[in-house]
Amino acid sequence: MKRTAVYPGMFDPVTHGHLDLADRGRHHYDRLILAVLRNDAKEPLFTVEERVTLLTEATADWDNVEVDSFDGLLVDYAQSVGASVILRGIRVASDFEYEMQMAMMNRHLAPELETVFLVPTEAYSYVSSRLVRQVAGLGGSVDNLVPANVAKALKRRFAQA
359 MKRTAVYPGM FDPVTHGHLD LADRGRHHYD RLILAVLRND AKEPLFTVEE RVTLLTEATA
419 DWDNVEVDSF DGLLVDYAQS VGASVILRGI RVASDFEYEM QMAMMNRHLA PELETVFLVP
479 TEAYSYVSSR LVRQVAGLGG SVDNLVPANV AKALKRRFAQ A
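Residue numbers (the numbering used here): 359 to 519.
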């Protein structure tokens, strides 16, 4: 029986912190789906299609990792792809309260799905997509925080602004 996990997120943009969690997660599951959330209310910098492409490029060498997108309830998406686990990251203590509430609601909606939390490697514990966007938008280098393809995409995006 193949064990499938879903790692959902905005990934706007994908960072080395995201990839650290995905890399560790993919070793625990037969199939890991990086699921890009379609949520235009958050006014993302990159479109869903661009985020899917950037993630696909960044994980191209990982044979058991897929990239997809979804909208609506995460539990509905997870069930539709046959997942038994939702993988989430917790960087700082303030993430815990929100993530715990979401895990409890997801358990209420779909008791057969388990949420597994991973903490990032210390080197990435402070990295967030929001901070990466801010630094890149102000012309700072984010080359050591994101994959090379994402750094190039950020430079192009902010050059257009």
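For glycine and all other residues, C-beta sits at the position ideal for the given N, C-alpha and C. Please read these numbers as outputs of a predicted model, since none were measured by experiment.
Counted within 10 angstroms of its Cβ, other Cβ atoms place S487 as buried (16 or more) or exposed = buried
Buried or exposed (CB count within 10 angstroms, at least 16 for buried), R398 = Note that residue 398 is Asp in the sequence shown here, rather than Arg. So D398 ends up on the exposed side.
Which of helix, strand or coil does DSSP assign to E472?
-> strand
Nearest residue (CA-CA) to L403, options G440, A481, R491, E424 = R491
Euclidean distance between Cα positions of K513 and E407 | 18 Å
Skipping 5 residues on each side, what residues in its chain have a beta carbon closer than 6 Å to that of R396?
-> V406, S427, D429
Going by the CB atoms, is the gap between V508 and L412 shorter than 8 Å?
-> yes
So R449 packs on F475, CB below 8 Å; how close in whole Å?
-> Contact doesn't hold; Cβ gap of about 11 Å is too wide.
Look up V493 in the DSSP assignment and say whether it is helix, strand or coil.
-> helix
Which listed residue (V372, K510, L431, M463) has its alpha carbon closest to that of Y482 | V372
Three or more C-beta pairs below 8 Å linking the region 418-427 and the region 454-465 = no
So what does DSSP say about E424, is it helix, strand or coil?
-> strand
Just how far apart, CA to CA, sit Y470 and F516?
-> As written in the sequence, residue 470 is Glu, which differs from the Tyr given in the question. Taking the straight line from one Cα to the other gives about 43 Å.
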